[in-house]
Each structure stands twice: as structure tokens, then as C-alpha cells.
Amino acid sequence: MKNLWIAAAVTAAGMFLLHDITAGHGGTYRGPGDTVPAGGGGAPGGPAGGSPAGPGTPGPGGPTSPGATTPGGPVGTPSGSGPTSGGGDSGPDLSLWQYWWGFNKEPYLNLKAAIHGSGVQSGSDEFFLGQGAEDQAKSTLRPSESVIRNEIVPALIRALEASDKSNDIATGCMIALAKIGDAKDESGKSKMAEQIIKRLGDSNQEISETAAVSLGILANEANIDLLVSMLADEGDKVRAAVSQVSGALPYTGKVPERTRAFASYGLGLVGAKASIDGKKKVVEGLVKFLESPVGVQNREISVACVVSLGLTPLEVDPSYTLPDLSKGFEKPAQVTNLQEQVLYLMSYYTNAAGNFLNQAQAPVAVSRIMPTRDPKIAALFDAVVNRFREDIASTSKIKNEQQQSCILALGKMGDCDEDATDKAIRKSLMEVKDAISDQQSRFFALIALAQVAGRPGSGEGANAIGGVTTKNKSENVREYLMEQLARAKQDNHRAWSALALAVMERSLSDNSQPVSSEVQSALRQELDKSKTPTAVAGLAIALGILHDSLSAPVMINKLERTSEDEARGYVAVGLGLLSEKSAIAPITEIVKKSKYKGDLLKSAAIGLGLLGDKEIVPQLVDMLASAEALSSQAAISSALGFIGDARSVTPLIKLLDDKTKTERARGFAAVALGIVADKETLPWNAKISVDINYRANSSTLTSPGTGTGILDIL
């Protein structure tokens, strides 16, 4: 699926198109490439830079080995771009706000809830939990379970079984089947799992690693042992598992490194949904690898293991006695409960001999698994917070990427009450602008501070929402962020400040707290007077996140008067977030005229999906069947997935079965079917992408230049 993956790098990069779309395996949709400094231990094959993710969602594809070709630089780079900070190599400016939005947009878009009905809005109680689709059963346009199981799944299996010579079709079908989910037969076996396991031993690296991650997306606990065997390079066990379902022996040598990395991510995806016993098996396998000699040396697999530990929380043991934390975080002898899991990750992070880029993934992993207000782990929680605060202080000597991760972690751990720990978190985040010179850290701190201030909390002073309504100006987050917006001299800084304000106010609103009319008015005025694409785009997304309905006329005006495609795409998404029905007609026209403008087409399709409009589905199906350009195929198939419904199933299956069409077009039909029938409300890789530190990247995490990372799959 090389072509499918890199196509999405084009369709989703938010107008920052790459010159070379021949390498990789399709589907890049967000974020930078490998930013490992020279000599930093990064795996070969990942380019130094990439394109910022635009308003689209993940591009299609299945993983493969890295391409050898380094893509050309981004076209149409917005103002403020320049050398990468902290990465060592010259390239696109990775501090652009579009990168953050690309990785974090899915919960705000929550497209499935919008498409399947109007009962659950993004931002509701179900919003960040990824729930709500079940409440939309009354929607007559949602593909029924009967259609999914009796029409879509058989078509995908049929195409997969006949795809021996087509990477595009094979990888597209496997990912689609995994996203649809398991349906066991009368014997208790999973036909989907069997179809995927058959491909684990494929001599084509792209197909074998796609199979590994597909088992993770499938989230069948029965596959944990197999994924652990792949991670541990137990080739005999892998060969035995494959031979049981296919009768054919796979490769005879070691399990390829990239396949092992994707199996590691697969373990995290299964672990996120597994029983406690399943989680323990996953954690045991991940820790065992990290403690092995290979785990110390191998960057790609180690990053995957750390990220996956953050997806697989164990249970708190109320009888567990913490060691003396005044001596630092010592590695526990075993990892059998959540306290030991946190201690292990913290010891991994604080190990002076470790690879700092690997270590940089640990703080976010800790913040994902640690309950923020469980009294049984209060001492451990405070110790972790204090360490992260120390590491973002002006006296800290750690690397930029580590500081960025500490900031992101604090954003997930703090809230807005008057507890001493929470006040300290807010204080540290507000001091980042003076304590740290790294621009990315400063921008991350704005978002982290907004996240903290948007959570009312339950401790001392909770009812006062201290960090927002306090009369002490030096502690008032709202006033601090408003000041950042007012003083911003660069469009990118202005956009980050606007997004931070929107994130905070939206979170407060979701928690039944009043939204500041002053903030809404300020953002509206900024959009009205903004002329540059970067500012217009960022402010449109911010107002969309905030659901400021009064900004609709301003956005419509910008949509009509702005000629730059990137900004128009973001405005279309912003209008969709506002649920502004009057925007349906102009956005529909954009879709019709954007067959050869992949990014704009995807953005406009997202806008229509958010608005609940599906009238253009038949035309998109016709466009996909006749499209020849790779970027057009990727964009149209993604658009069909975003706004597709039961009416798109039959023509998509027809296209998938039509051997007179190109393999790429048929592969994209499989991709679209997988999106339409996805079992989850949010895209599966949102579990990994949201709040990830994409500046401490590895090529198997995301590599938009080649489209070879876990986050580069639609």
C-alpha cells in the first residue's frame, strides 16, 4: 500500500504538499517526520521533516518499510516556518499550530457522532470517551449490522484472498476488516483474525507489518500471545500460528524489526480494551522487551513499547507500599499493579544512561494511565508532578523534547481547583514562557494550561474555578491567555493562543461552567480583522472548537473572500464545528470543484460530515470510480468515509470487485468501506495521537515523508 499511504500524506497535510509521492505506503495524515538529531539513534528511512497535518483526518494505507527517497520540501509553507528547533536538521517549522491540530483534532471533530445522528455533539459527556454511536440507532442512513456482516465483510475478505499481487488491496482490506471488528463463527474462531494472521509471514514487509497492527486494531484478546511472540522475536511460535490458519510456513528467519515495532503498538491497542488479566500479559511482554539488551539499543521498538504501556493501565493495589520516593524513582522488581507501572515508567524516564528521545515518551505515558485524584496514590501522584515541574523549571538541564513531554503530561494531570498541587501545576505552566527558550515548549504550555484550567476539579476551592475566576491576576489563566493573544506578534503565536483559549472555554462549557463572552468576542474580532491564511485558519478552528455561533457570518465571509485553499479548508471545518447549516451549499460547491485539490476536498467533506449533510455521497462515488490521480483517489475515498452512509456501500463494493479499475482505486474503496463501517466512534489511532509528543518522534510512530508510521494509517 505504498502508494495509498503516501497519497494521504498529500491529501491530509493541509496544503503543505510534498513534491515526491513515490515513496512510502500511503496514508500520512498528520505530524512531522523523524526529528531525531544527527547521531540521535533514529532508525533509518525516516526523513528529517514532514508536512503539518491539515484539517483532514488520517490518510489511508497500511504500513511498510521506509522508502529510500527523501521528499522535497513543503510547498506553500506558511509564514513563520523555518528551521526545526531541537531537531538538528533544517526543515519545516514543526512548531506550527497545524501539527498540534492534526494530532489532536479527532475528539473535537467526533465525526461519527455527527454523521450517525444529531443526538450526541462533540464536547458532550460522551465526547472524549468516544461514545455516542449507539445512541444514534434511529439513523436510517447508518449501515446496519446485517449490511456490515453480510455485505461489507464478505466483500473485503473476497478481495483480500485474491490480493496476492496487490499491496494496495491487501493492506486496505486488512485495516478495514480490523476496524469493523470481530465476529466469531459457531466454533468460536475469528474469521477476521485468521485472514490477518495468514499475512503475518508474507515476504512483503509492508503486508506483514500491516497484519501485525491490524491484529491490534481488531482488539481481540486472544491474539495477545501471538503479538508478544512477535515482539520477542520468537519466530518459531509465529510460524506455528501462521501455519495453523494457512498451512503455509512464513519467513524462516527472525521477525523483522519493523514488524516487531508494529506488534508492540498492536499490544497497546489490544491492552486498552483487554481484561485486567489481558492487560497484565501485555504489560509483562512490553516490560520484558524494554529490559532486554535489544530493548536498550533499539529505538523504534522501544518507543512503541513505552507508548503502549501508556495505553494499558493496570489496577491500583490499595495494599501496595510505596518505596521512599525522596531517593527518586527506582525500578520496581516486577510490574503487577498500577503503582509499579508508574514507577517503572518514571525510572525509565529518569535513567541518566537512557536515550533521551525514547525517555521523552514516558511522561505522557504516565499521565495517560495515572488516575488524577485517587487518594490511594496521592503521594505517588504528587511525586510525579513535582518531578515534571522540576524538569520544566529554568534550572533544568534536560533536552527540549523531554521538557515538551513533561508539559504535555502536566496538562493531562492538573485541574482548576485550589489544591496545592494544582496551583503549583498552573504556576509552572505559566512560567514556561520565561523559564524555557524552546518555542515548541512554550506553545505546548499554552495548550496544557488551557486543559488544566478547563477542568473544575473536586478538591479545595473547586466551586470557585480558581485558575480562571481568581482575582489574583498572576494566577488567572484566562487573563494570562488573553494577554498572550493580545501580545502575539506572529500569526502562529496568535493561532496557538486562540486555540488555547478555545480549548479552555470549551472544556469549561462541557463541565457546565459559564463560557466567557469576552473571550468569544475577542476571538471573533481577531478573525474578522485577520488577513493571512495562518491566522484565518487557526482562528476559524478555535471558534469552531468553542461553538461560537455568532462567528458564523464572519466565517462565511472568510470562506467566500479567501482564495487560499488551506485557509478555506480550515474555515469549512470551523463552520462544520459550528453546525452552521447555511454553510452546506457553499461547502458542497467546494467539494464539487476540488477533485484535483485533495486537501481542500477532504476538509470540505469533513465540514459537510459535521453538518450532517450526505447528499453529495453518490457524486463522490462516481468521482472515485473515474479518478486517476493518486491524490484525488485518496481524498475522495477519505471524503466518502467521513460522510459516507448506507447508500455508499453498494457502489463501493462494486468498485472493490471491479478488476477493470486500478488496484489503487480498489484499495481506496476498501479504505472507505472500513471508515464507513468502523466499530469505534473515534479513529483507532486517536488513542495514540492525542497529546502525543510528536517532536520526540520515531519513523514507525509517524513518518509523513514516506507514510510509514502507525499514525499514518487511515
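Per our numbering, the sequence shown starts with residue 1318, numbered consecutively. Ideal Cβ positions, reconstructed from N, Cα and C, are used throughout, including at glycine. In this text, all values refer to a predicted model and were calculated from it rather than measured experimentally.
Under the three-state DSSP convention, the category residue i falls into
{"i": "T1352", "result": "Legend: pLDDT at T1352 = 36, less than 50; position of this residue unreliable, no value from coordinates given."}
{"i": "S1838", "result": "helix"}
{"i": "S1480", "result": "coil"}
{"i": "S1507", "result": "strand"}
{"i": "S1745", "result": "helix"}
{"i": "C2032", "result": "The requested residue 2032 does not occur in the structure, where the chain is confined to residues 1318 to 2031."}
{"i": "C1733", "result": "coil"}
{"i": "S2036", "result": "Outside the shown range of the chain, which is 1318 to 2031, sits residue 2036, and nothing can be said about it."}
{"i": "M1491", "result": "helix"}
{"i": "P1573", "result": "coil"}
{"i": "Y1887", "result": "helix"}
{"i": "G1389", "result": "Unreliable positioning characterises G1389 in this predicted model, as indicated by a pLDDT of 25, which lies under 50. The coordinate reading is nonetheless provided below. In the structure shown, G1389 sits in coil (DSSP, three-state: anything other than H, G, I, E or B)."}
{"i": "T1977", "result": "coil"}
{"i": "K1596", "result": "helix"}
{"i": "H1864", "result": "coil"}
{"i": "P1935", "result": "helix"}
{"i": "I1291", "result": "In the structure displayed, the chain extends from 1318 to 2031; residue 1291 sits before or after that span and is not available."}
{"i": "N1809", "result": "helix"}
{"i": "G1991", "result": "helix"}
{"i": "Y1913", "result": "coil"}
{"i": "T1849", "result": "coil"}
{"i": "S1965", "result": "helix"}
Proximity test, residue i beta-carbon vs the ligand FAD heavy atom, cut-off 7 Å
{"i": "E1608", "result": "Questions concerning the ligand FAD fall outside what the structure shown contains, since it holds no ligand whatsoever."}
Straight-line Cα distance separating residue j from residue i
{"i": "S1625", "j": "G1585", "result": "4 Å"}
{"i": "S1829", "j": "R1823", "result": "10 Å"}
{"i": "K1976", "j": "G1984", "result": "11 Å"}
{"i": "R1685", "j": "K1729", "result": "8 Å"}
{"i": "T2023", "j": "S1791", "result": "46 Å"}
{"i": "P1391", "j": "A1815", "result": "For P1391, the pLDDT reaches just 23, beneath the cut-off of 50, and the residue's location in the model is therefore unreliable, leaving the point undetermined."}
{"i": "R1795", "j": "F1760", "result": "16 Å"}
{"i": "E1748", "j": "V1600", "result": "36 Å"}
{"i": "R1666", "j": "L1639", "result": "Checking the sequence shown, residue 1666 turns out to be Tyr, not Arg. Cα-Cα distance, rounded: 18 Å."}
{"i": "P1649", "j": "G1588", "result": "21 Å"}
{"i": "S1847", "j": "M1940", "result": "35 Å"}
{"i": "A1679", "j": "S1722", "result": "8 Å"}
{"i": "L1544", "j": "G1924", "result": "38 Å"}
{"i": "A1677", "j": "A1726", "result": "11 Å"}
{"i": "I1469", "j": "L1937", "result": "19 Å"}
{"i": "K2059", "j": "S1483", "result": "There is no way to answer for residue 2059, as the model of the chain reaches only from 1318 to 2031."}
{"i": "E1538", "j": "G1602", "result": "14 Å"}
{"i": "S1866", "j": "E1877", "result": "18 Å"}
{"i": "I1524", "j": "T1967", "result": "27 Å"}
{"i": "G1358", "j": "E1617", "result": "Here G1358 scores only 35 on pLDDT, less than 50, and its place in the model is too uncertain to base an answer on."}
{"i": "S1631", "j": "V1890", "result": "Looking at the sequence provided, one finds Leu at residue 1631 rather than Ser. Each residue's Cα considered, the two are about 38 Å apart."}
{"i": "L1863", "j": "A1812", "result": "14 Å"}
{"i": "I2030", "j": "I1960", "result": "18 Å"}
{"i": "S1563", "j": "G2026", "result": "28 Å"}
{"i": "A1682", "j": "L1662", "result": "8 Å"}
{"i": "A2013", "j": "T1738", "result": "27 Å"}
Contact set for residue i: own chain, Cβ-Cβ below 7 Å, skip 5 residues either direction
{"i": "A1987", "result": "L1473, A1476, I1486, G1489, C1490, A1493, L1973"}
{"i": "S1713", "result": "E1707, Q1720"}
{"i": "D1550", "result": "K1571, V1572, R1577"}
{"i": "F1673", "result": "K1716, E1718, Q1719"}
{"i": "I1782", "result": "C1733, P1773, Q1830"}
{"i": "S1664", "result": "F1646, E1647, K1648"}
Same chain, Cβ closer than 6 Å to residue i, neighbours up to 5 away in sequence not counted
{"i": "M1821", "result": "A1767, A1770, G1771"}
{"i": "A1495", "result": "S1531, I1534, L1535"}
{"i": "I1970", "result": "A1472"}
{"i": "D1594", "result": "none"}
{"i": "G1498", "result": "K1996"}
{"i": "P1935", "result": "none"}
{"i": "A1819", "result": "A1859, I1862, L1863"}
Same chain, Cβ closer than 8 Å to residue i, neighbours up to 5 away in sequence not counted
{"i": "P1850", "result": "P1395, T1879, E1881, E1883, A1884"}
{"i": "T1787", "result": "A1781, N1793"}
CB contact check: residue i to chain E, cutoff 8 Å
{"i": "K1590", "result": "Structure shown: chain E not included; a single protein chain is present."}
Is it a yes or a no for the segment 1911-1926 touching the segment 1866-1883, going by three-plus beta-carbon pairs under 8 Å? yes
Is the segment 1950-1960 close to the segment 1987-1996, with three or more CB pairs under 8 Å? yes
Do the segment 2007-2018 and the segment 1415-1422 meet, that is, are 3 or more Cβ pairs less than 8 Å apart? yes
Just to confirm the assignment: which complete alpha helix (DSSP H) runs, minimum length 4, are found wholly within the segment 1631-1674? 1655-1667
Between the segment 1575-1593 and the segment 1514-1531, do three or more beta carbon pairs fall short of 8 Å? yes
Would you say the segment 1611-1619 touches the segment 1635-1644, given that touching needs at least three Cβ pairs under 8 Å? no
Three or more C-beta pairs closer than 8 Å, one from the segment 1896-1908 and one from the segment 1943-1950: is that the case here? no
Continuous alpha helix (DSSP H) assignments of at least 4 residues falling wholly in the segment 1688-1721: 1695-1708
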